[in-house]
Amino acid sequence: MGKFKCAHCRGEFEREALIERGGELFCCEGCAGVYEILNASGLGEFYERLGKTTLNPALSAKNAAQKSQEDLAAIYQNYVKNENGFNKISLIIEGIHCSACVWLNEKVLFAQKGILEVNINSVNNKALIVWDENEVNLAQIFALIRSIGYEPYPYDAQAQEQRLAGQRREFYARLLVGIFCTMNIMWLAVAQYGGYFTGMRADVRSIINFAEFILATPVLFYTGSGFFRGAWSALKNKTQNMDSLIVTGTLAAYIFSIYAMFSRQGEVYFDSVAMIITFVFIGKYLEILSKKKAADTLDNLNSLNLNSVSVKNGDEITLKSAQEVRVGELVVVRVGERVLLDGVAISGAASFDLSSLSGESAPVYLSAKDGENEIKSGSVCVDGTLVYEVGAVFSESVLARIINLLETAAAKKPRIQALADAIAARFSAAITALALATFAFWFWRTGELSAALIVAISVVVISCPCALGLATPVSTLVALGAGFRRGILFKEARIIESLAKCDTTVFDKTGTLTSGRLKVSKFTHVGKFDASALFSLVSGSDHPVSRAVGEYLRANF
């Protein structure tokens with residue numbers, strides 16, 4: 404007896420293992436429930452978009468209830484951020500395989516009253532969700548996502564890095580295969596091209612062609628497997644993308660070369676197939692590295708909530724991660740430490756570098772005895788020791804708001820990127836039409852199938868809008884990361900676009916544009932002077948004045 408498919412997840416099972424609901428077969432109650440929800444919500448189009456892709460079986464109601472027992476209070480405290488009265492969280496949605504999955508999740512979430520914004524990245528399965536807590540809560544959002552067969556969990560930089568590390572290893576292996584095979588194909592192509600001009604026996608040419616075929620096959624179907632998945636996804640959604648052009652051109656050249664190899668009519672182009680796939684894949688690999696470098700900036704910021712702070716409890720000092728510290732606890736800050744939590748000084752005195760918050764390079768002296776005793780997260784202690792009382796948890800601190808600002812800027816597409824995506828989609832369709840017209844023209848003019856096909860393939864491959872589709876998002880992400888590393892924060896990515904047209908920059912106050920390092924401009928002493936004693940005095944301090952004096956003494960005495 405043959406196997407039957409589940410109407411939702413498309414998995415194949417024995418008939419005895421399936422249950423029947425409304426004339427359809429399902430592998431479990433979870434899939435049956437999801438199928439009913441989608442059709443009742445008018446989202447049956449999802450199965451058309453899904454095509455032949457299989458899904459993981461959905462969670463049953465019982466399993467979903469067990470999954471919902473997680474500590475939502477901890478998630479609210481550590482991952483949910485409040486902005487302008489609305490809550491926001493970054494999630495990883497497990498189970499997303501293609502654009503149809505993204506479409507389904509966005510449709511279902513937007514249909515829920517109270518959810519204001521949903522941005523899902525199909526590359527890393529990361530979703531940014533904004534909602535009104537008065538209309539819907541996080542438990543309901545989680546249950547909604549699980550009801551359609553996906554599993555949400557809070558985005559964690561360390562867990563995500565482990566997943567991306569595995570992805571990079573896979574990319575590296577595919578890249579090595581592509582480079583190795585392509586280099587060997589090029590050596591064979593040198594001999595083949597030489598034989599084209601000097602003459603070569605037919606049997607030798609056949610051996611070289613077959614060797615190129617063997618080497619080009621893994622490049623096309625292993626190194627280029629990602630392009631095939633992307634093209635298939637676009638085809639299911641009745642559209643075209645960059646992968647469609649790459650696959651169309653290389654696959655057509657590959658099939659034609661196989662025909663030429665066995666028929667011994669015309670030239671083979673296995674070298675072109677391998678080179679195109681390998682070089683475009685190298686570009687993809689560089690794109691991933693660029694994204695990682697830029698994303699590391701944000702991940703390093705997110706990891707600050709895991710950094711330890713010194714909590715004072717009576718005479719004892721213990722280390723706690725910033726996210727574990729509660730309001731009212733006492734924290735000790737020493738020289739060189741970054742303040743991770745907002746609060747008010749209760750004992751001691753210290754100087755703090757607030758340049759990353761205020762733009763002023765001069766340190767600010769804070770003392771429990773003075774009126775100026777408010778400690779802000781993000782500042783760095785440069786001199787002294789101070790004990791302060793925590794006034795807000797990490798998620799409500801100034802530093803958390805800065806992190807939130809950068810995450811929002813990275814998640815939202817700038818106008819130019821949306822325009823580039825729209826142009827790339829239409830451009831792909833236009834190039835396909837142009838290639839077909841080119842093929843028809845050359846076949847009509849020459850009457851040779853091989854000549855017409857090669858010209859048409861050249862149009863498809865050369866015109867691929869890879870730079871248009873890839874350069875914009877990568878350059879935006881890299882610019883955001885580079886700006887932050889230089890102390891420049893962009894509230895929105897679209898501001899980067901405006902800088903290209905900017906001819907005047909206005910700064911609001913003095914002290915903003917400076918290296919922040921003091922220098923001794925004039926030196927005068929009266930009476931006996933002991934340079935070594937002064938140097939010993941200032942060398943133990945990180946205060947800017949002490950550093951300036953120490954550098955001067957080191958250079959002149």
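For the sequence shown, our numbering assigns the number 404 to the initial residue and increments by one for each residue that follows. Glycine included, each C-beta is placed from N, C-alpha and C at the ideal position. Keep in mind the model is a prediction, meaning the values are calculated, not measured.
query, result
"If you draw a straight line from the C-alpha of F682 to the C-alpha of R829, how long is it?", "24 angstroms"
"One question on the structure: do L623 and V580 come within less than 8 angstroms of each other, judged by their Cβ atoms?", "no"
"In terms of residues, what are the limits of the beta strand (DSSP E) holding R424?", "I422 to R424"
"Of the choices F600, Q643, Y672 and P557, whose alpha-carbon is the least far from that of T585?", "Y672"
"Can you give me the Cβ contacts of K723 inside the same chain, cut-off strictly under 7 angstroms, excluding the 5 residues immediately before and after it?", "S711, V712 and V714"
"Taking the DSSP output, what are the residues bridged to A594?", "Answer by DSSP bridge pairing: none, since A594 is not bridged."
"Closer than 8 angstroms by C-beta to N959: which residues in its own chain qualify, once you throw out the five before and the five after it? Chain order, please.", "F926"
"Run the CB neighbour count on S471, radius 10 Å, all protein chains shown included, and call it buried at 16 or more, exposed below.", "With a pLDDT of only 46 at S471, under the threshold of 50, the placement of this residue in the model should not be trusted; the figure read from the coordinates follows. Under this definition S471 is an exposed residue."
"Specify, as a first and last residue, the run of the alpha helix (DSSP H) that G953 falls within.", "P947 to N959"
"Distance, Cα to Cα, A468 vs E573?", "Caution applies to A468, whose pLDDT of 43 falls short of 50 and renders its modelled position unreliable; the value that the coordinates give is listed next. If I take the Cα positions, the gap works out to 35 angstroms."
"Check whether the segment 540-548 touches the segment 654-673, taking contact to mean three or more Cβ pairs, one atom from each stretch, closer than 8 angstroms.", "no"
"Run the CB neighbour count on L802, radius 10 Å, all protein chains shown included, and call it buried at 16 or more, exposed below.", "buried"
"What is the residue span of the beta strand (DSSP E) that A725 lies within?", "Careful: A725 lies outside any beta strand (DSSP E) and carries neither H nor E."
"Would DSSP call A765 helix, strand or coil?", "coil"
"Tell me whether A467 sits in a helix, a strand or coil according to DSSP, three-state version.", "With a pLDDT of 43 at A467, under the threshold of 50, the predicted position of this residue should be treated as unreliable, though the coordinate-derived value follows. If DSSP states are grouped into helix, strand and coil, A467 belongs with the helices."
"According to DSSP, simplified to helix, strand and coil, what is Y599?", "helix"
"Are at least three pairs of beta-carbons, each pair with one atom in the segment 610-623 and one in the segment 830-846, less than 8 angstroms apart?", "no"
"Rank V909, F842, D559 and Y768 by C-alpha distance to the C-alpha of I495 and give the top, closest one.", "D559"
"Would A464 be called buried (16 or more neighbouring beta carbons within 10 Å of its own) or exposed?", "Per-residue confidence for A464 stands at a pLDDT of 42, beneath the threshold of 50, marking its modelled position as unreliable; no derived number is given."
"Closest Cβ-Cβ distance between N442 and chain B: below 8 angstroms?", "Of the protein chains in this structure there is only one, and it is not chain B."
"Taking W506 as the reference, give the member of K516, G517, I582 and V521 with the closest Cα.", "V521"
"What residues match up with P557 in a beta bridge as DSSP calls it?", "L494"
"At the level of alpha carbons, what is the spacing between R667 and S609?", "8 angstroms"
"Give the DSSP-derived three-state secondary structure of F429 in the structure shown.", "strand"
"Does L531 come out as helix, strand or coil in the three-state DSSP assignment?", "strand"
"With which residues is D786 paired in a DSSP beta bridge?", "S754"
"Kindly indicate which three-state DSSP category R804 falls into: helix, strand or coil?", "helix"
"When you compare the segment 730-744 with the segment 770-787, are there three or more beta-carbon pairs, one atom per stretch, that lie closer than 8 angstroms?", "yes"
"Just how far apart, CA to CA, sit L462 and I523?", "Reliability of the predicted coordinates at L462 is poor, the pLDDT of 49 falling under 50, and the value obtained from them is presented with this limitation in mind. Rounded to the nearest angstrom, the two C-alpha atoms are 21 angstroms apart."
"Using the DSSP secondary-structure output, state which residues sit across from V793 in a beta bridge.", "G746"
"For N612 and M664, which I take to be in contact (beta-carbon distance under 8 angstroms), what is that distance rounded to the nearest angstrom?", "4 angstroms"
"Note down, in chain order, each residue of its chain lying with its Cβ closer than 8 angstroms to the Cβ of A951, except the 5 sequence neighbours on either side.", "R920, L921, K922 and V923"
"Taking C-beta to C-beta, are V793 and G746 nearer than 8 angstroms?", "yes"
"Alpha carbon to alpha carbon, how far is K510 from G627?", "31 angstroms"
"For K531, which option in S493, E799 and N508 has the closest C-alpha, if you only look at C-alpha atoms?", "Checking the displayed sequence, the identity of residue 531 turns out to be Leu instead of Lys. Nearest of S493, E799 and N508 to L531, Cα basis: S493."
"Between which residues of its own chain and I857 is the CB-CB distance below 8 angstroms, once the five residues before and five after are set aside?", "A656, F659 and Y672"
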